[in-house]
């Protein structure tokens with residue numbers, strides 16, 4: 522096991538009607554005026570907006586609103602949020618939505634206190650180490666952004682979709698996860714959340730680190746739980762217990778627990794996907810279910826025992842390591858097919874013509890990856906494997 | 522899944538030579554003088570004391586020392602510590618040792634700020650909600666006290682061994698877990714730590730709660746990992762990787778993660794054990810490996826599916842639920858036997874004559890338990906089952 526430092530200060534309020542407790546928590550953090558940040562109109566339809574406003578009013582917390590966050594949150598919206606916060610003198614950011622809204626809130630919270638352009642922190646030209654207190658009400662379980670310190674933002678004019686963290690202050694102070702608000706989600710979004718959560722576990726699990734028994738047990742437990750409950754939700758979307766299992770599993774997938782003692786993960790597949798969703802209007806998760814089987818096929822020989830362990834513990838496969846490793850990749854592709862998440866570029870109308878553009882974009886920071894260092898030529902081959 | 526609130530602010534520094542970073546962390550918490558609290562002479566032999574003193578000196582942190590904490594830490598030592606802290610005006614407590622030393626430190630840290638007798642907080646007559654900042658260097662993985670807010674202290678004159686927490690302030694600010702300092706532990710202590718960790722998982726796992734898939738996955742992962750690596754350590758005590766797996770698993774067993782969304786656990790077996798170690802000089806873990814199989818035999822019919830799940834996922838048993846449930850109890854007893862932890866009262870020279878005294882003591886707060894509410898008559902029967 523590698524040495525590690527672990528801390529996660531986010532307080533989680535999990536369960537039915539826990540939104541009612543949020544105002545008191547915000548007040549306890551000495552915050553009196555928040556930017557209420559959200560995406561589309563769904564929070565007005567499912568009652569979440571009303572619940573949030575009620576708890577804010579009950580605790581005499583003022584707010585200004587900024588909606589319109591897109592599924593791949595963009596820098597221009599972040600900059601708009603920073604301006605609003607400065608002008609309105611808010612002292613906290615409250616994100617109500619999924620990972621995109623929370624990520625946007627994190628960039629705003631740090632950006633308000635940065636002297637200059639927050640994008641410089643994404644580029645590594647500047648360090649952002651402070652931020653306004655962040656609170657979240659999660660409406661779509663997927664990214665675990667509600668319990669980690671990371672944000673992914675797209676700079677539209679350069680087609681860059683990059684990650685960033687302002688450290689300790691980027692952890693939300695308090696996050697509310699009420700699984701019942703997810704019972705009305707469209708099936709596609711539920712599936713996307715499950716794929717995203719599983720993908721986070723994959724990035725950490727297939728990192729080449731050794732002596733990670735307890736971490737691998739947790740990783741495999743999360744994968745099995747997500748696979749079981751997303752299938753239940755396909756037929757029974759209002760099953761509260763499966764919503765709860767999916768929600769907490771997705772949070773645990775990327776809250777630091779699963780990465781402790783490993784490397785920081787491989788993350789090549791996320792890079793390969795980010796280049797897809799930077800150019801095409803496809804969901805992050807759809808890109809991940811396309812790219813993961815292709816990446817696995819290209820790299821599995823670098824750690825056949827780990828892929829064999831995966832096949833045995835997730836799909837109960839039997840046989841020699843190499844056969845089980847190969848078959849495990851077919852099995853995960855089958856699973857993505859079964860839940861209706863795309864597994865080839867052709868399914869989302871991307872063909873060979875796009876390969877070079879995608880390769881160029883994903884190679885900007887090459888070599889990428891940990892289990893196998895991928896250079897431009899490797900990246901091109903993986904995109905080719907993803908075509909069909 | 523039950524509604525829950527989860528937060529765990531403890532920062533963990535895990536791995537080789539991480540003690541060197543401790544002084545800086547203490548300083549970052551604005552603490553300038555600590556009570557250096559420890560047990561016996563082992564920290565002088567294994568070099569931990571020297572490492573701790575070095576990092577304190579490097580960061581200009583003063584200290585006063587109080588050693589002599591016993592394996593079942595006692596109230597008189599806690600009161601001595603409180604007096605030293607007040608007299609010497611220390612502003613933090615640094616526990617260097619196992620769970621007993623850390624528990625003693627937690628009671629001292631809270632007691633310094635309590636007006637009156639700290640034992641009143643154990644009795645529930647007074648609330649303790651504040652404490653001095655606590656730091657720990659763990660030398661024996663077992664209780665997870667390094668990453669939770671609980672302490673168990675014995676009031677010698679009344680043979681009461683009770684738990685308490687001062688809430689948020691009882692979480693250590695920073696805990697160092699360097700598995701390499703445990704490589705020289707006597708085999709018995711390694712075994713005790715493993716039994717203690719597994720027992721914590723049991724108390725939470727067999728709590729009768731439903732819809733706990735992801736929690737059960739984590740629980741079973743911890744149990745399998747502890748069982749695997751304690752067996753390796755019996756033959757190879759200096760195996761760093763197995764020390765690391767055992768250490769992190771023991772921390773995760775009772776840091777709040779595994780209890781989130783369940784009840785607060787059953788904890789009857791701990792109560793039954795506390796009465797044992799209040800009267801006899803036996804290790805907490807030895808008492809647990811004696812009492813758990815007896816408790817399981819008495820209560821398993823209250824949740825046969827859960828005991829069957831346990832048997833299948835831990836021991837790969839096959840068959841109908843009832844048979845697998847019964848066999849799983851034999852198997853865990855076999856495992857305790859295999860690693861040399863006692864599984865009957867007779868093995869530790871306690872016989873029928875003691876049953877009534879133990880029953881009286883354990884019934885002080887009866888009914889106890891969650892999976893099955895145990896009254897005095899039930900408690901007596903369980904002690905009888907533990908005789909052989």
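Residue numbers (my numbering), protein chains in the order written: chain A, 522 to 909; chain B, 522 to 909. Don't be surprised by glycine CBs; every beta carbon is placed ideally from N, CA and C.
query = Using a beta-carbon distance below 8 Å, is residue 832 of chain B in contact with chain A?
reply = no
ask   = residue 730 of chain B: which of B:907, B:528 and B:890 sits nearest, CA to CA?
value = B:890
request  = Alpha carbon to alpha carbon, how far is residue 592 of chain B from residue 776 of chain B? Give it in angstroms, no decimals.
outcome  = 21 Å
key: According to DSSP, residues forming a beta bridge with residue 657 of chain B   = B:616 and B:696
From B:607, B:779 and B:528, residue whose alpha carbon lies closest to that of residue 722 of chain B = B:779
message = Helix, strand or coil, according to DSSP, for residue 908 of chain B in the structure here?
response = coil
message = Three Cβ pairs or more, each shorter than 8 Å: is that satisfied between the region 900–907 of chain A and the region 541–553 of chain B?
response = no
query = In chain A, what lies closer than 7 Å to residue 677 of chain B by C-beta?
reply = Those do not exist, as residue 677 of chain B stays about 37 Å from chain A at its closest Cβ, beyond 7 Å.
ask   = Below 8 Å, can you find three or more Cβ-Cβ pairs linking the region 867–887 of chain B to the region 779–788 of chain B?
value = Fewer than three pairs of CB atoms, one per stretch, sit closer than 8 Å, so the region 867–887 of chain B makes no contact with the region 779–788 of chain B.
Supposed contact pair residue 771 of chain A and residue 662 of chain A - C-beta distance, whole angstroms, cut 8 Å = 4 Å
query = Does the distance from the C-beta atom of residue 585 of chain A to that of residue 599 of chain A stay below 8 Å?
reply = One thing to note: residue 585 of chain A has its Cβ no nearer than 8 Å to the Cβ of residue 599 of chain A.
inquiry  = I need the DSSP call for residue 530 of chain B, collapsed to helix, strand or coil.
reply    = Reduced to three states, the DSSP call for residue 530 of chain B is strand.
ask   = Is there a Cβ from chain B that is less than 8 Å from the Cβ of residue 550 of chain A?
value = no
ask   = What first and last residue would you give for the alpha helix (DSSP H) that runs through residue 558 of chain B?
value = First-last for residue 558 of chain B: 554–559, but that is the beta strand (DSSP E), not the alpha helix (DSSP H).
inquiry  = Tell me which residues of the region 526–539 of chain B have at least one Cβ-Cβ distance to chain A shorter than 9 Å, keeping chain order.
reply    = 526, 527, 528, 529, 530, 531, 532, 533, 534, 535, 536, 537, 538 and 539
message = Beta-carbon within less than 6 Å of residue 834 of chain A's beta-carbon, same chain only, minus the 5 sequence neighbours each way: which residues are those?
response = 741
inquiry  = Checking 8 Å against the spacing of the C-beta atoms, do residue 643 of chain B and residue 623 of chain B come in under that value?
reply    = No.
query = For the ligand ADP, any of its heavy atoms closer than 7 Å to the Cβ of residue 799 of chain A?
reply = Among the ligands in the structure shown, none appear at all, so the ligand ADP cannot be discussed.
Proximity of residue 882 of chain B and residue 799 of chain B at Cβ, strictly below 8 Å = yes
Under 8 Å by beta carbon: chain A residues contacting residue 743 of chain B = 735 and 738
ask   = In angstroms, rounded to a whole number, what distance separates the CA positions of residue 596 of chain A and residue 640 of chain A?
value = Distance between the alpha carbons of residue 596 of chain A and residue 640 of chain A: 8 Å.
query = Of all the alpha helix (DSSP H) runs that stay within the bounds of the region 806–877 of chain B, which reach a length of 4 or more residues?
reply = 825–836 and 842–859
request  = Note down, in chain order, each residue of its chain lying with its Cβ closer than 6 Å to the Cβ of residue 831 of chain B, except the 5 sequence neighbours on either side.
outcome  = 849
ask   = Is the region 741–759 of chain B touching the region 795–810 of chain B, taking contact as three or more C-beta pairs under 8 Å?
value = no
request  = Look at residue 590 of chain B and residue 570 of chain B and say whether their C-beta atoms are less than 8 Å apart.
outcome  = no
query = Nearest to residue 648 of chain A by alpha carbon, out of A:765, A:654, A:638 and A:705?
reply = A:638
ask   = From this set, B:693, B:654 and B:886, which residue's C-alpha is nearest residue 620 of chain B's C-alpha?
value = In terms of Cα proximity to residue 620 of chain B, the closest of B:693, B:654 and B:886 is B:693.
ask   = Going straight from the alpha carbon of residue 574 of chain B to that of residue 561 of chain B, what length do you get?
value = 16 Å
message = Threshold first: 4 residues or longer. Then list the alpha helix (DSSP H) segments lying entirely within the region 749–788 of chain B, N to C.
response = 761–774
task = Please determine, among A:790, A:768, A:816 and A:817, the residue with the shortest C-alpha to C-alpha distance to residue 522 of chain B.
result = A:768
inquiry  = I need the DSSP call for residue 586 of chain A, collapsed to helix, strand or coil.
reply    = strand
ask   = Using the rule of at least 16 other Cβ atoms within 10 Å of the residue's Cβ for burial, across every protein chain shown, is residue 535 of chain B buried or exposed?
value = buried
inquiry  = Could you check whether the region 680–699 of chain B touches the region 734–753 of chain B, counting it as contact only if at least three pairs of C-beta atoms, one from each stretch, sit closer than 8 Å?
reply    = no
task = Could you please tell me which residues of the region 742–775 of chain B, in chain order, have their CB closer than 8 Å to any CB of chain A?
result = 742, 743, 745, 746, 749, 750, 762, 765, 766, 769, 770 and 773
task = Please classify residue 794 of chain A: is it buried, with 16 or more other beta-carbons within 10 angstroms of its beta-carbon, or exposed?
result = buried
task = Please determine, among A:728, A:543 and A:896, the residue with the shortest C-alpha to C-alpha distance to residue 824 of chain A.
result = A:728
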